[in-house]
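In full-length UniProt numbering, the protein residues as written are 1 to 406. Each residue gets a CB set at the ideal place from its N, CA and C atoms; glycine is no exception.
Shown next, in the form of C-alpha cells:
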C-alpha cells in the first residue's frame with residue numbers, strides 16, 4: 001500500500017493528502033548571466049552571486065549588500081524567483097534555495113532561476129528544496145567531482161510534494177516566525193559579546209595606563225605592575241600512565257577553554273608518566289602556545305591527565321585564578337606567547353616558558369580581582385545561556401523540518 005502523502009506534524013485547520021509533481025509542471029526555469037567577485041563595486045546595482053548562498057544562506061533574501069555596474073543583457077529579478085546554485089564544492093552545498101524578494105536585483109551567471117506559478121508559494125518551494133525530500137533528490141543529481149554542478153534539466157525532474165497554497169503560506173509564516181525569534185536571540189547574543197569586549201577594554205588598564213577607566217565603587221589606587229613569573233609557580237602532580245583507560249585534557253586554540261577525551265586501554269601514551277590536572281591552575285600547550293592554547297582549569301578539569309607538554313602553574317599571594325582568565329585571553333598576552341614561541345611554522349614552534357614568564361601586566365588587590373572575576377563570570381553565564389537558547393531553537397527548527405514536510 002502506498003504511504004499517504006501527509007506530514008507527521010501539521011498546522012491546525014488543514015487536512016487531505018499533499019500533491020506530488022515534477023518541478024517542471026509548476027515552474028519555469030532560466031539562468032543568471034555573467035558577473036564574478038571581480039565585478040563587485042562599493043556602489044551600484046544590487047547583485048546576488050552564487051557565493052552568497054553558502055556564506056549567508058537565507059530562505060528569503062530581502063537585503064542585498066553587494067553591488068555591480070550593470071552589463072548589457074543582464075538578468076534582473078522581478079521579485080519572487082527561487083534561486084539555486086549551479087555549481088559548488090559539494091552536492092549538499094548546492095542543494096539549497098532562496099527567494100529573491102525584491103525586483104531589479106542582478107542575478108549572477110552561476111545561479112539557476114526557478115519561477116513558480118501562482119499556486120506555489122516561492123518561500124515554501126525554497127524550504128522544500130533546502131530541507132525537504134527535494135534536497136536529497138537534488139544532491140543525488142549533482143554532477144562532477146572537484147566541482148559539482150546542477151543544471152536546470154536536472155531541477156525540472158525533481159519531485160515536489162506540496163499542499164494547497166493556503167497551507168504552504170501557513171507553513172512558511174510559521175517557519176518565518178521561528179527564524180525571526182532565532183534572529184532576535186542572535187542579535188541579543190551579539191550585543192552581550194560587544195558589551196563584554198567593551199568592558200574588558202574599560203575595566204582593565206590599557207597600554208600606558210595604571211588604573212582602569214571603569215572601576216567598582218570602593219576601590220582606588222594604581223594597579224601593581226608585575227611579571228607573570230612573580231605571581232605563578234610551576235605545579236606538578238606526576239602519576240604513572242594508566243593502562244586501563246583515562247580521560248585526557250586538551251586546550252582549544254584562541255583561549256577557547258579546555259576539552260576532554262577518553263583514551264581507551266591500549267591507546268595510552270608510551271611515556272611512563274603523565275601529569276594530573278588540578279583546578280584553578282594556569283595551563284598552556286607549549287607546542288600551540290603561539291596559537292593561544294591557554295586556559296585556567298576548573299573543577300571539571302581536575303583529575304584529567306596531560307603530557308609534559310601541558311605545564312601547569314599555581315597562583316601565589318592570594319591572587320584569584322578566575323581573574324586571570326580575562327588577562328590570558330587578551331590580545332597582548334597572545335602576542336607575547338607568539339613572540340615567546342620561536343621556530344618555524346606549526347609544530348616546530350615550542351614555547352620558551354622562561355620568556356613567557358617575563359610578561360608584564362598590571363593587577364589590583366585580590367579583593368578587587370575577585371569582584372571583577374565575579375562580574376565577568378556572571379556575564380559569561382548570561383552569554384552561555386543565550387548560546388544554549390539559540391541552539392535549542394535551531395534544534396527545534398531542524399526537528400520541525402523533519403516532520404512538517406513530506
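{"Query": "Endpoints, beta strand (DSSP E) assigned at residue 225", "Result": "224 to 227"}
{"Query": "Bridge partners - residue 143, DSSP secondary structure assignment", "Result": "149"}
{"Query": "DSSP-derived helix/strand/coil call for residue 397", "Result": "helix"}
{"Query": "Supposed contact pair residue 322 and residue 373 - C-beta distance, whole angstroms, cut 8 Å", "Result": "4 Å"}
{"Query": "Delimiting residues of the alpha helix (DSSP H) encompassing residue 176", "Result": "165 to 202"}
{"Query": "Per DSSP, cross-strand counterpart(s) of residue 68", "Result": "40, 45"}
{"Query": "Host alpha helix (DSSP H) of residue 353 (start-end)", "Result": "353 to 356"}
{"Query": "Where residue 190 falls, given that 16 or more other Cβ within 10 Å makes a residue buried", "Result": "exposed"}
{"Query": "Within the stretch 1 to 38, ranges of the beta strand (DSSP E) (whole runs, at least 3 residues)", "Result": "19 to 22, 27 to 31"}
{"Query": "Opposing strand residues paired with residue 314 [DSSP bridges]", "Result": "233"}
{"Query": "Integer-rounded CB distance, given that residue 35 should sit under 8 Å from residue 49", "Result": "6 Å"}
{"Query": "Host beta strand (DSSP E) of residue 295 (start-end)", "Result": "294 to 296"}
{"Query": "For residue 181 and residue 16, the rounded distance between their alpha carbons", "Result": "30 Å"}
{"Query": "Residue 20, buried or exposed, once every other Cβ within 10 Å from all chains shown has been counted against 16", "Result": "exposed"}
{"Query": "Closest residue to residue 37 among 338, 158, 109 (Cα-Cα distance)", "Result": "109"}
{"Query": "Residue from 315, 398, 284, 381 whose Cα sits closest to the Cα of residue 445", "Result": "Outside the displayed range of the chain (1 to 406) lies residue 445, so it cannot be described from this structure."}
{"Query": "Minimum Cβ-Cβ distance from residue 180 to chain C less than 7 Å", "Result": "Checking the listed chains, one finds no chain C in this structure; it contains a single protein chain."}
{"Query": "8 Å contact criterion, which residue 363 and residue 224 should meet: CB distance rounded", "Result": "6 Å"}
{"Query": "Cα-Cα separation, residue 1 to residue 121", "Result": "Note that residue 1 scores a pLDDT of 49, beneath 50, so its modelled location is shaky and nothing firm can be said."}
{"Query": "Exposed unless 16 or more other CB atoms sit within 10 angstroms - verdict on residue 154", "Result": "buried"}
{"Query": "Own chain, CB closer than 6 Å to residue 293, minus 5 neighbours either side, in chain order", "Result": "251, 253, 285"}
{"Query": "Distance CB(residue 117)-CB(residue 26) smaller than 7 Å", "Result": "yes"}
{"Query": "Opposing strand residues paired with residue 115 [DSSP bridges]", "Result": "28"}
{"Query": "Cβ-Cβ distance between residue 403 and residue 8 below 7 Å", "Result": "yes"}
{"Query": "Assigned secondary structure, residue 127 (DSSP; H/G/I helix, E/B strand, else coil)", "Result": "helix"}
{"Query": "Inter-residue spacing [alpha-carbon to alpha-carbon] between residue 213 and residue 168", "Result": "55 Å"}
{"Query": "Extent of the continuous alpha helix (DSSP H) to which residue 332 belongs", "Result": "331 to 339"}
{"Query": "Residue 85 burial status per 10 Å Cβ neighbour count (16 or more: buried)", "Result": "buried"}
{"Query": "Same chain, Cβ closer than 7 Å to residue 302, five either side skipped, listed in chain order", "Result": "277, 278, 279"}
{"Query": "Residues bridged to residue 88 [DSSP beta-bridge criterion]", "Result": "148"}
{"Query": "Cα-Cα separation, residue 203 to residue 358", "Result": "23 Å"}
{"Query": "The stretch 373 to 382 in contact with the stretch 309 to 323 per 3-pair CB rule at 8 Å", "Result": "yes"}
{"Query": "CA-to-CA distance, residue 52 to residue 106, given in whole angstroms", "Result": "13 Å"}
{"Query": "Opposing strand residues paired with residue 99 [DSSP bridges]", "Result": "60, 82"}
{"Query": "Check whether residue 350 and residue 271 have beta carbons under 7 Å apart", "Result": "no"}
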